[in-house]
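Engineer: The numbering used here puts the first residue of the sequence shown at 55, with every later residue one more than the last.
Cβ atoms here follow ideal geometry from the backbone N, Cα and C, with glycine treated the same way.
Bear in mind that the values here come from a model prediction, so they are computed numbers and not experimental data.
Following this message is one structure expressed as structure tokens.
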Amino acid sequence: MKTLLKKDLEQIDEILEGAIAVSKSYLHHLGEAAPNIGVSNMPKKAWDIGEGIGAQKALDLFKSHYAPYISATAGPNFYGYVTGGSTPAALLGDWLTSVYDQVSSVTPITAKHESDTIALYRELFGLPSDFFGSFVTGGTTSNMVNLAGARQWANQQMGQDGSKNGLDTSSGTLKVFAATPHSSTYKSLSILGMGRDNLELVQRLPEREAMDVADLEKRLSVHPKGPCIVVASAGTVNTGDFDDFHALGALKEKYNFWLHIDGAFGGFAAVNEAHQHLVGGWESADSIAIDAHKWLNVPYDAAFQFTKHPGLQRQVFQNGNVPYLEGDGTTQDFMNYVPENSRRWRSLPAWFTLLAYGKEGYAEIVGRNCRLAKELGDGIKGHGQLDLLGKVRLNIVCFAAKIDSGIDTKVLLEKINATNKVFLTPTVYKERFAIRVAVSNWRTGQKEINELYQIIANATDALKE
55 MKTLLKKDLE
65 QIDEILEGAI
75 AVSKSYLHHL
85 GEAAPNIGVS
95 NMPKKAWDIG
105 EGIGAQKALD
115 LFKSHYAPYI
125 SATAGPNFYG
135 YVTGGSTPAA
145 LLGDWLTSVY
155 DQVSSVTPIT
165 AKHESDTIAL
175 YRELFGLPSD
185 FFGSFVTGGT
195 TSNMVNLAGA
205 RQWANQQMGQ
215 DGSKNGLDTS
225 SGTLKVFAAT
235 PHSSTYKSLS
245 ILGMGRDNLE
255 LVQRLPEREA
265 MDVADLEKRL
275 SVHPKGPCIV
285 VASAGTVNTG
295 DFDDFHALGA
305 LKEKYNFWLH
315 IDGAFGGFAA
325 VNEAHQHLVG
335 GWESADSIAI
345 DAHKWLNVPY
355 DAAFQFTKHP
365 GLQRQVFQNG
375 NVPYLEGDGT
385 TQDFMNYVPE
395 NSRRWRSLPA
405 WFTLLAYGKE
415 GYAEIVGRNC
425 RLAKELGDGI
435 KGHGQLDLLG
445 KVRLNIVCFA
455 AKIDSGIDTK
465 VLLEKINATN
475 KVFLTPTVYK
485 ERFAIRVAVS
495 NWRTGQKEIN
505 ELYQIIANAT
515 DALKE
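Structure representation (structure tokens):
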């Protein structure tokens, strides 16, 4: 063993203490730290990788060169995209995941733990036991994995086996319908060979992002025997809107289609009694995608994928005839259901945080975040120079400067973010440049929302002067 490696092994306690010290410093100031720090002024550095310097000196270099530029994206003032932080229990689980560093294809405990954890989350989300589930890297992969199962189903409906013979489009194009799909749906269709342009947009309900189910039925009636794929939304990106899953479930009784629900963040409406109705009927879906590193507040990266058709999923993702990957047959071989053979123990942080805080804890987080988003929306609606562009149904607030205010919304966003106290992200809604606020961090409270509104109002008033 090289001298530096041997020395680091002997000093592992000191190395871990150094990591703990850095972690404490970051976490204790997370609520006040800047949520978005640029690197344009970062000094250039040439690294010598010849002999090595050991872990502790490497940590010292990291602290001096990189650490000052780390953004507080896990903090309570980061409202961009839809992003959570990490609960203390989730952080504990993620730390242990790295410590244990299990090889999932060899150690059955990881698969057993993943199966047990998926069962707990089925219960949390109110899903029936016929949903198989696994952990994947994020919402994009969850959508892709589930749509891969949908593609295999559709292939077999047309007398084909795409997993063995490849895609054969000679019998016609497979129709995919959605009203307000996330960008990851388009990416998934591209990856899977179904094509971005094959997604046919269904009309939306007036002043909504939700699907007009009557218009969908007209389109399905052209293909009564299918097979078709319908991608529904449990929480759209711009306004947090939901499709009518009861109505979509009723359509499944009449038409031959696979129903996939993208519930990346909106799926967590299921854990709060006041918002459960938004996902009513989603048990009729064939597959569901839900992110974990959003409202569950576990570290990046993690998501759930649920399907009623694990056999089809296995046909797509099973490894070839490779004896060393066959396993012992006593535990679920998740590598044959998802893209990665090499899999991090993602269920551990999710298990820790759910056991630590329970359904009641997550119901409180979701309820609090939604209440604060509603309060912010009401404040924006009452401001004379701002337009609230959509009803606040969950935790998303979408707004812009009034058209006749003379204020450029892009400039307004820049001014808000330039405070370095909060971070918001842009969008385009109803052909207007707009600003989005997503309230999904477990630490965000009344104080943070009051400060956010004041920053928005001050920036707006300053631009009006």
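Could you tell me the alpha carbon to alpha carbon distance between residue 251 and residue 65, rounded to whole angstroms?
Structural biologist: Straight-line Cα distance between these residues: approximately 57 angstroms.
Engineer: Please look up how many angstroms separate the CB atoms of residue 406 and residue 181, rounded, as I've assumed it's under 8 angstroms.
Structural biologist: Contact doesn't hold; Cβ gap of about 21 angstroms is too wide.
Engineer: Since residue 464 contacts residue 516 with CB under 8 angstroms, what's their CB separation in whole angstroms?
Structural biologist: Their Cβ separation, rounded to whole angstroms, is 15 angstroms, which puts residue 464 and residue 516 out of contact at 8 angstroms.
Engineer: For residue 334 and residue 445, what's the separation of their Cα atoms in angstroms?
Structural biologist: Taking the straight line from one Cα to the other gives about 19 angstroms.
Engineer: Indicate whether the contact test is met: 3 or more Cβ pairs, each with one atom in the region 122-141 and one in the region 91-105, closer than 8 angstroms.
Structural biologist: Yes: the two stretches touch, three or more of their Cβ pairs being nearer than 8 angstroms.
Engineer: What do you reckon, are the CB atoms on residue 238 and residue 193 nearer than 8 angstroms?
Structural biologist: Against a cut-off of 8 angstroms, the Cβ pair of residue 193 and residue 238 comes out as a contact.
Engineer: Under 8 angstroms by Cβ, that's how I've got residue 136 and residue 319 pegged, so tell me the actual separation to the nearest angstrom.
Structural biologist: Sure, about 5 angstroms apart at Cβ, within 8 angstroms.
Engineer: Counting C-beta neighbours from all protein chains within 10 Å, is the total for residue 383 16 or more, i.e. buried, or is it exposed?
Structural biologist: At residue 383 the pLDDT is 49, less than 50, meaning the model places this residue with poor confidence; the figure from the coordinates comes in the next sentence. The residue in question, residue 383, is exposed, as its Cβ has fewer than 16 Cβ neighbours within 10 Å.
Engineer: Taking CB distances under 8 angstroms as the criterion, tell me whether residue 343 reaches chain C.
Structural biologist: The chain inventory of the structure shown lacks chain C, comprising one protein chain alone.
Engineer: Given a cut-off of 8 angstroms on the beta-carbon distance, is the pair residue 215 and residue 353 in contact?
Structural biologist: No, these two residues do not count as a Cβ contact at 8 angstroms.
Engineer: Sorted by chain position, which residues of the same chain lie with C-beta nearer than 7 angstroms to residue 392's C-beta, five sequence neighbours on each side aside?
Structural biologist: The answer, listed in chain order, is 188, 190, 199 and 371.
Engineer: Counting Cβ pairs closer than 8 angstroms, one from the region 137-145 and one from the region 404-420, do we hit at least three?
Structural biologist: Touching, per the Cβ criterion.
Engineer: Taking only runs that begin and end inside the region 162-202, name each unbroken alpha helix (DSSP H) of 4 or more residues, in chain order.
Structural biologist: Taking only runs of at least 4 residues, the alpha helix (DSSP H) segments lying wholly in the region 162-202 are 162-179.
Engineer: Could you pull the DSSP bridge partners for residue 262 from this structure?
Structural biologist: Bridge partners of residue 262: none, in fact.
Engineer: Return helix, strand or coil for residue 149, following the three-state DSSP convention.
Structural biologist: If DSSP states are grouped into helix, strand and coil, residue 149 belongs with the helices.
Engineer: May I ask you to report which of helix, strand or coil DSSP gives residue 319?
Structural biologist: Residue 319: coil per DSSP, three-state reduction.
Engineer: List the endpoints of the continuous beta strand (DSSP E) containing residue 441.
Structural biologist: Run containing residue 441: 440-442, per the beta strand (DSSP E) assignment.
Engineer: DSSP three-state label for residue 142, please.
Structural biologist: In the structure shown, residue 142 sits in a helix (DSSP, three-state: H, G or I).
Engineer: Residue 489 bridges to which residues according to DSSP?
Structural biologist: According to DSSP, residue 489 bridges with 453 and 480.
Engineer: Should residue 440 and residue 431 be called a contact, given that it needs their Cβ atoms to be closer than 8 angstroms?
Structural biologist: The answer is no: Cβ separation not under 8 angstroms.
Engineer: Sorted by chain position, which residues of the same chain lie with C-beta nearer than 7 angstroms to residue 478's C-beta, five sequence neighbours on each side aside?
Structural biologist: Correct list, in chain order: 133, 134, 467, 470, 471, 489, 490 and 491.
Engineer: Name the one or two DSSP bridge partners that residue 253 has.
Structural biologist: Paired residues: 230.
Engineer: Just reading off the alpha helix (DSSP H) that residue 296 is part of, what are its end residues?
Structural biologist: Element bounds for residue 296: n/a, residue is neither H nor E.
Engineer: Suppose contacts are defined by Cβ-Cβ distances below 8 angstroms. Is residue 346 in contact with residue 268 by that definition?
Structural biologist: The answer is no: Cβ separation not under 8 angstroms.
Engineer: Is it the case that the Cβ atoms of residue 233 and residue 264 are separated by a distance below 8 angstroms?
Structural biologist: Yes. Within cutoff.
Engineer: Could you pull out every residue in the same chain whose Cβ sits closer than 8 angstroms to the Cβ of residue 373, ignoring the five residues on either side in sequence?
Structural biologist: So the list reads 379, 389, 390 and 395, once near-sequence residues are dropped.
Engineer: On the three-state DSSP scale, how would you describe residue 383?
Structural biologist: Reliability of the predicted coordinates at residue 383 is poor, the pLDDT of 49 falling under 50, and the value obtained from them is presented with this limitation in mind. Looking at residue 383 - three-state DSSP - the assignment turns out to be coil, as it is neither helix nor strand.
Engineer: Using 8 angstroms as the Cβ pair cut-off and three pairs as the minimum, do the region 494-503 and the region 100-112 touch?
Structural biologist: Flag = no, the region 494-503 and the region 100-112 do not touch.
Engineer: Helix, strand or coil for residue 343 per DSSP?
Structural biologist: Of the three classes helix, strand and coil, the one that applies to residue 343 here is strand, per DSSP.
Engineer: Would you give the residue range spanned by the beta strand (DSSP E) that residue 287 belongs to?
Structural biologist: Taken as a continuous stretch (DSSP letters only), the beta strand (DSSP E) holding residue 287 covers 282-287.
Engineer: Using only CA atoms, which one of 501, 513, 451 and 450 lies nearest to residue 461?
Structural biologist: Out of 501, 513, 451 and 450, 513 has the C-alpha closest to the C-alpha of residue 461.
Engineer: So does the region 414-424 actually touch the region 147-164, counting three or more Cβ pairs closer than 8 angstroms?
Structural biologist: No contact exists between the region 414-424 and the region 147-164.
Engineer: Name the one or two DSSP bridge partners that residue 361 has.
Structural biologist: Per DSSP, 186 and 341.
Engineer: Compute the Euclidean distance between the alpha carbons of residue 339 and residue 183, then round it to the nearest angstrom.
Structural biologist: Taking the straight line from one Cα to the other gives about 13 angstroms.
Engineer: Since I believe residue 342 is in contact with residue 321 (beta carbons under 8 angstroms), could you give me their beta-carbon distance rounded to a whole number of angstroms?
Structural biologist: The Cβ separation is near 7 angstroms, so the contact holds.
Engineer: Spatial neighbours of residue 258 within its chain, please: C-beta separation below 8 angstroms, excluding the five flanking residues on both sides.
Structural biologist: The residues are 233, 234, 264, 265 and 266.
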